[in-house]
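Asker:
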Amino acid sequence: MPVLARKPAPAPVSMLDMIRTAPWTQALTAEQMARVEADVEERFVPKDGYVCRKGEPVGHWIGCVDGLLKMSSVSPDGKTITFTGVLGGAWFGEGSLLKEGPRQYDVIALRDTRLAFMPRTTFHWLLDNSIGFNRFVMTLLNERLSMFISLVEYDRMLDTNARLARCLAALFNPHLNPGISPQLKISQEEIGYLANASRQRVNGALRVLEEAGLVQVRYGGITVLDVEGLRRFNG
DNA sequence: CCATTAAACACCC
DNA sequence: GGGTGTTTAATGG
82 MPVLARKPAP APVSMLDMIR TAPWTQALTA EQMARVEADV EERFVPKDGY VCRKGEPVGH
142 WIGCVDGLLK MSSVSPDGKT ITFTGVLGGA WFGEGSLLKE GPRQYDVIAL RDTRLAFMPR
202 TTFHWLLDNS IGFNRFVMTL LNERLSMFIS LVEYDRMLDT NARLARCLAA LFNPHLNPGI
262 SPQLKISQEE IGYLANASRQ RVNGALRVLE EAGLVQVRYG GITVLDVEGL RRFNG
């Protein structure tokens, strides 16, 4: 059998479906929607591939149609620092589009991932013409701000279990990852990449969080029982 | 010291 | 074959 054969993924979500059900398109007019659908371009990034890199010019607002991404950066001594994860249905990069200058972080696919690329000009045209879109972007930026405040906080308190809890809480934040369901198929290794922890440390932390009644651990995935509890978890 | 981790291995989906 | 639990040896604050 051919070694390079790749499973013809049953394409559970089409890019257009993903756009049409996205929260930010609900307030758009038919004309605005038509331009969005005409301008957005689908791309595929294989596991371990770069979606975009730190230092590159920012040309697009990017949506994750299907897959899993991590936003990260590499410290001077070569250590990877992950900021957050991006699941199917989520959009990112609005902050980079709203200011001048190159992108400040890497985005890497943890699985084979399909993406939607919206050109910078379309993004700014929506900002100029849709109040609903402005409200959406404002809310998104505010959620990111609160997430990064939380990141600084947990970085200072240095408790791996709490760090993992917040990482999961961010992943299950419906503003940052819309349409997320309480059950998520994600391996403990993938969680480790997102939380900067080893596989067995993730396993240990998940046991603690399960003990606290916040999550349920299953084979190949987790079920989140209490997102707010995860965000507040401490020790 | 203590916590963490990579590597290796054995199970279980 | 991939995900998971566990042990062991190495690492680093």
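Numbers in my numbering are just positions in the first sequence, counted from 1, shifted up by 81. Where is the CB? At the ideal position from N, CA and C, for every residue including glycine. Fair warning: this is a prediction, and the values are worked out from it, not measured in the lab.
Give the straight-line distance between the Cα atoms of F125 and D98, rounded to the nearest whole angstrom.
Answerer: So the two alpha carbons sit approximately 16 Å from each other.
Asker: Going by DSSP, which residues form a beta bridge with T203?
Answerer: DSSP lists no partner for T203.
Asker: Taking a contact to mean a Cβ-Cβ separation below 9 Å, would you say Q113 touches S211 in this structure?
Answerer: Yes, these two residues count as a Cβ contact at 9 Å.
Asker: Return the chain-ordered list of same chain residues with a C-beta closer than 8 Å to the C-beta of E123, the five sequence neighbours on each side being excluded.
Answerer: Excluding sequence neighbours, E123 sits near M96, V146, R195, L196, A197, F198.
Asker: For W142 and G169, which I take to be in contact (beta-carbon distance under 8 Å), what is that distance rounded to the nearest angstrom?
Answerer: Wrong, their Cβ atoms sit about 16 Å apart, outside the cutoff.
Asker: Straight-line CA distance for G294 to G285?
Answerer: C-alpha separation (whole angstroms): 15 Å.
Asker: Compute the Euclidean distance between the alpha carbons of A246 and K160, then round it to the nearest angstrom.
Answerer: Those two C-alpha atoms are separated by around 22 Å.
Asker: Looking only at its own chain, which residues have a Cβ that is under 8 Å from the Cβ of Q107, when we skip the five neighbours before and after it?
Answerer: Once the five neighbours on either side are set aside, the close Cβ partners of Q107 are G213.
Asker: Indicate the three-state DSSP secondary structure (helix, strand or coil) for G213 in the structure shown.
Answerer: Reduced to three states, the DSSP call for G213 is helix.
Asker: Please report the straight-line C-alpha distance between P89 and T220, rounded to a whole angstrom.
Answerer: Its pLDDT being 47, under 50, P89 is placed unreliably in this model, and the coordinates cannot settle the point.
Asker: Measure the alpha-carbon distance for H205 versus S227 and round it to whole angstroms.
Answerer: C-alpha separation (whole angstroms): 24 Å.
Asker: For V289, which of helix, strand or coil comes out of DSSP?
Answerer: Helix at V289.
Asker: Please report the straight-line C-alpha distance between G176 and G148, rounded to a whole angstrom.
Answerer: Approximately 22 Å between the Cα atoms of the pair.
Asker: Going straight from the alpha carbon of L150 to that of V139, what length do you get?
Answerer: Taking the straight line from one Cα to the other gives about 18 Å.
Asker: Which same chain residues, not among the five before or five after R244, have their C-beta less than 7 Å away from its C-beta?
Answerer: Taken in chain order, the residues that qualify are Y235, A276.
Asker: What residue range is occupied by the uninterrupted alpha helix (DSSP H) comprising Q269?
Answerer: It spans 269 to 276 - the alpha helix (DSSP H) in which Q269 sits, taken as one unbroken run.
Asker: Between which two residues does the beta strand (DSSP E) holding I143 run?
Answerer: Per DSSP, I143 belongs to the beta strand (DSSP E) from 141 to 147.
Asker: Report yes if the C-beta distance between R288 and Q264 is below 9 Å; otherwise report no.
Answerer: It is not a contact, given that the beta carbons lie outside the stated cut-off.
Asker: For A321, does the three-state DSSP call read helix, strand or coil?
Answerer: The structure shown does not extend to residue 321, since the chain is modelled only from 82 to 316, so the question has no answer here.
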